[in-house]
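In terms of our numbering, the sequence shown opens at residue 41 and continues consecutively.
Backbone N, C-alpha and C fix where the C-beta goes; we use that ideal spot for every residue, glycine too.
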Amino acid sequence: MADGVGSVSVTSDERWLAANWPFVRARLPAAPARVAEIGCGPLGGFVPMMEAVGYQATGIDPEAPLGPSYRQVLFEDCAVPSPLDAIVACTSLHHTGDLGAVLDLAVRALAPGGQVVIVEWARERFDEPTARWCFARLSGPDVDQGWLHRRRAQWQESGQPWAVFLRSWAHAEGLHSGQDIIRELDARFDRQALAFGPYFFADLAGTSDADEQAAIDSGLIQPNRIQYAGRRNGRQPAASA
Ligand SMILES: C[S@@+](CC[C@H](N)C(=O)[O-])C[C@H]1O[C@@H](n2cnc3c(N)ncnc32)[C@H](O)[C@@H]1O
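See the structure below:
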């Protein structure tokens with residue numbers, strides 16, 4: 041999806057990253073510091089923003105852009121440039137195969153006291169009122185169709201109740217729930233912050249994060265975004281078999 045802002049076209053991914061950058065930046069250690077981003081995506085995630093303010097940043101993702109700041113591999117398969125001062129992951133952990141193994145590797149890659157800064161999706165909060173609120177705000181057919189358009193179409197075709205459809209879709213995709221992600225993070229890091237907020241606005245036409253927050257505050261929809269920050273404690277994960 042692309043929203044016209046004046047003469048500049050801003051994609052939904054760019055809106056999403058810009059909206060989350062203040063949280064990420066506020067939770068990073070002071071620059072200069074070594075930071076890896078797990079699952080930076082094809083735009084490079086926060087790597088360009090981190091580099092612009094003095095971080096030594098590496099984006100790790102099979103879909104990462106080409107260039108010296110990126111590794112086009114899974115985090116599990118990467119020779120991570122450690123010890124790191126921080127690890128960032130934005131909506132990538134719910135896609136990982138073995139979440140616990142990825143987080144164990146993250147712990148090992150961090151220096152003692154290193155930070156994790158996580159943005160995630162609490163998909164278990166994507167209830168029917170929230171889905172209907174989102175679907176009513178999707179752009180028309182003249183604009184690129186995104187993941188929410190596809191969910192709406194598949195749900196309509198399925199004829200299933202929303203909760204049944206969502207559960208079977210998430211299971212088929214192998215998506216971790218927000219509860220599982222928080223539990224696995226808490227098992228490895230000393231939690232410093234946990235907040236829930238707007239998640240869908242960047243994919244919705246004419247809808248800002250403030251609009252979505254207002255709908256959350258009035259009880260119309262559920263907050264689906266997780267913002268988590270934690271610090272590596274003294275515990276080391278057991279060596280994998
Ligand atoms: C939903 S996209 C998020 C992209 C970007 N972080 C953002 O917020 O716009 C999820 C990304 O995570 C990546 N990913 C999933 N599992 C990964 C893993 N184990 N290691 C590295 N990247 C992974 C995918 O390739 C994909 O680009």
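Assign Ser208 to one of two classes, buried (16 or more other C-beta atoms within 10 Å of its C-beta) or exposed (fewer than that).
exposed
Grouping DSSP H, G and I as helix and E and B as strand, with all else coil, what is Ala149?
helix
How would you call Glu197, buried or exposed, if buried means at least 16 neighbouring beta carbons within 10 angstroms?
exposed
In whole angstroms, what is the alpha-carbon distance linking Ala42 and Gly274?
The predicted model places Ala42 with a pLDDT of 36, which falls under 50 and marks its position as unreliable, so this point remains unresolved.
When the distance is taken between beta carbons, is Ala59 closer than 8 Å to Ala242?
yes
Please report the Cβ distance between His134 and His211, rounded to the nearest whole angstrom; I am assuming they are in contact, meaning their Cβ atoms lie under 8 Å.
Not a contact, Cβ separation roughly 13 Å.
For Val64, count the other beta carbons within 10 Å of its own beta carbon; 16 or more makes it buried, fewer makes it exposed. Which is it?
buried
Cβ-Cβ distance between Val113 and Pro102 below 8 Å
yes
Does any heavy atom of ligand 1 sit closer than 7 Å to the C-beta of Glu91?
no
Hey, would you say Arg118 sits closer than 8 Å to Gly85, going by beta carbons?
Note on residue identity: the sequence assigns Cys, not Arg, to residue 118. No, these two residues do not count as a Cβ contact at 8 Å.
Entirely within the region 210-246 and at least 4 residues each: give me those alpha helix (DSSP H) ranges in chain order.
218-226
Do Leu188 and Phe115 have their beta-carbon atoms positioned less than 8 Å apart in this structure?
no
What I want to know is whether the C-beta of Trp202 ends up closer than 7 Å to one or more non-hydrogen atoms of ligand 1.
no
Considering just the uninterrupted stretch of the alpha helix (DSSP H) at Asp257, what are its terminal residues?
Asp249 to Asp257
Using DSSP with H/G/I as helix, E/B as strand and the rest coil, what is Leu188?
helix
Going by DSSP, what residues sit across from Ala129 in a beta bridge?
Ile78 and Ile158
Going by alpha carbons, who is nearest to Ala54 out of Val156, Pro82, Arg163 and Ala162?
Looking at the sequence provided, one finds Glu at residue 54 rather than Ala. That would be Pro82, whose Cα lies nearest to the Cα of Glu54.
Helix, strand or coil, according to DSSP, for Thr170 in the structure here?
helix
Go to Arg65, then tell me how far its alpha helix (DSSP H) extends in each direction, as first and last residue.
Ser52 to Arg67
Considering only heavy atoms of ligand 1 and the C-beta of each residue, which residues fall inside 6 Å, strictly closer?
Asp53, Trp56, Leu57, Ile78, Gly79, Cys80, Gly81, Gly85, Ile100, Asp101, Pro102, Glu103, Leu114, Phe115, Glu116, Cys130, Thr131, Ser132, His135, Thr136 and Val142
Please report the straight-line C-alpha distance between Arg190 and Gly259, rounded to a whole angstrom.
26 Å
Rank Arg231, Glu252 and Ser248 by C-alpha distance to the C-alpha of Gln267 and give the top, closest one.
Arg231
Determine the direct distance from the alpha carbon of Pro181 to that of Leu299, and round the result to whole angstroms.
Residue numbering for the chain in the displayed model covers 41 to 281; residue 299 lies beyond these limits and cannot be assessed.
For Ala154 and Arg67, which I take to be in contact (beta-carbon distance under 8 Å), what is that distance rounded to the nearest angstrom?
Residue identity check: residue 154 is Gly in the sequence provided, not Ala. Gly154 to Arg67, Cβ: 12 Å. No contact.
Just checking Arg172 against ligand 3 - is the residue's beta carbon closer than 7 Å to any of the ligand's heavy atoms?
Ligand 3 is not part of the structure shown, which contains ligand 1 as its ligands.
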